[in-house]
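Enquirer: Whatever position you read off the sequence shown (first residue = 1), add 199 for this note's numbering.
We put the beta carbon where it would ideally sit given N, CA and C, even for glycine.
This structure is in structure tokens; I'll ask about it shortly.
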Amino acid sequence: MREDGKIDYVELAGTELAATKRFYGQAFGWRFTDSGPTYAAFDESGLDGGFQADPAKVSAAPLVVADAAASESACAPPSLPPAPGAMRRRRLASAR
200 MREDGKIDYV ELAGTELAAT KRFYGQAFGW RFTDSGPTYA AFDESGLDGG FQADPAKVSA
260 APLVVADAAA SESACAPPSL PPAPGAMRRR RLASAR
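Structure, rendered in structure tokens:
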């Protein structure tokens, strides 16, 4: 069941799709639904998600999708603190 503010879906790299499905199926009992030759989705495993095997579509990090109420505030990018040392670099640059 989707809940506002909760992680809804996780996509992971699975370059060897058959071996990936075999491992997670044997280790955790996961079941898969293939969506073409390079993608396998899983559900009923505590969290819905999928494995992407297409090298052109695989990201360097997992893709995490969180459910959010449709509002402007939910779609606004997060306000992040400055990177470590960023304020010091700004002060040094302005002093020159």
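Report the residue from Tyr-238, Val-264 and Tyr-223 whose alpha carbon sits nearest the alpha carbon of Pro-254.
Expert: Tyr-238
Enquirer: Which residue's Cα is closest to the Cα of Glu-210: Gly-245, Gly-224, Ala-240 and Ser-234?
Expert: Ala-240
Enquirer: Check whether the Cβ atoms of Asp-266 and Lys-220 lie closer than 7 Å to each other.
Expert: no
Enquirer: Over what stretch of residues does the alpha helix (DSSP H) that includes Ala-217 continue unbroken?
Expert: 216-227
Enquirer: Could you check what DSSP says for Asp-233 in three-state terms: helix, strand or coil?
Expert: strand
Enquirer: With Glu-243 as the anchor, note down where its beta strand (DSSP E) starts and where it stops.
Expert: Unbroken run through Glu-243: none, as it is neither H nor E.
Enquirer: Closest by CA to Ala-226, which one among Ser-244, Thr-214 and Thr-232?
Expert: Ser-244
Enquirer: Can you give me the Cβ contacts of Leu-246 inside the same chain, cut-off strictly under 7 Å, excluding the 5 residues immediately before and after it?
Expert: Ile-206 and Val-209
Enquirer: Here's a check: name, in chain order, each residue in its chain whose Cβ is nearer than 6 Å to the Cβ of Ser-270, leaving out the five neighbours to either side.
Expert: For Ser-270, the predicted model reports a pLDDT of 48, less than 50, meaning its position is unreliable and no value from the coordinates is stated.
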